[in-house]
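Notes follow once the structure below has been shown.
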Amino acid sequence: MEKMSEDYRKFSWDDVSTIVYAVILALYVTYRRMDNPPQWLLGVIAVMILLKSMSEIVYYFKQTKRGKRRIWSLIFSALVFLCGIMFLLNAFGLLGE
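Per my numbering, residue 3 is the first one in the sequence shown, and the count goes up by one each step.
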């Protein structure tokens, strides 16, 4: 039986990112299925999306310092950030249905 390497046991940033996006998606699906959903739940989803997009942008700039350029990652992070702003405005009732 082979031993597992240390690199295999560590969580990578991609694993954490996938888990956080799955939690956000699960919360959003729960929100959409409720008959009378609370606005605070939409606010929580919006804050999670905003924090996730900001952490993706920080991760992009750290990768850029290492010499890796992933412009699509920055574009995706900006789009997710705008989506979070939309959710936040919707949570405050500033957007229509």
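Backbone N, C-alpha and C fix where the C-beta goes; we use that ideal spot for every residue, glycine too.
Report task. Decide if the stretch 41-51 is in contact with the stretch 87-95; the criterion is three or more beta carbon pairs, one per stretch, under 8 Å apart. Result -> The stretch 41-51 is in contact with the stretch 87-95.
Requested in this report: Pull up the distance between the alpha-carbon of L43 and that of V25, whole angstroms please.
Outcome: Your numbering for residue 43 matches position 41 in the sequence shown. Your numbering for residue 25 matches position 23 in the sequence shown. If I take the Cα positions, the gap works out to 13 Å.
Query - Buried versus exposed call for A93 [16 or more other C-beta atoms within 10 Å across all chains shown] - result: Within the sequence shown, numbered from 1, the residue matching residue 93 stands at position 91. So A93 ends up on the buried side.
Report task. Give the secondary structure of G69 by DSSP, where H, G and I count as helix, E and B as strand, and everything else as coil. Result -> Along the sequence shown, one-based indexing puts residue 69 at 67. Here G69 sits in coil by DSSP.
Report task. Could you name the residues of the same chain whose beta carbon sits closer than 7 Å to that of S79, not counting the 5 residues immediately before and after it, in chain order? Result -> Here residue 79 refers to the residue found at position 77 of the sequence shown. Same-chain partners within the cutoff: S55, E58, I59 and Y62.
Report task. Go ahead and pull the three-state DSSP assignment for F83. Result -> Translated into the one-based positions of the sequence shown, residue 83 becomes position 81. DSSP places F83 in helix when its eight states are reduced to three.
Query raised in the report: Can you tell me the Cα-Cα spacing of R34 and G45, whole angstroms?
Result: Taking the sequence shown and counting its residues from 1, one reaches residue 34 at position 32. Taking the sequence shown and counting its residues from 1, one reaches residue 45 at position 43. The straight-line gap from Cα to Cα measures roughly 14 Å.
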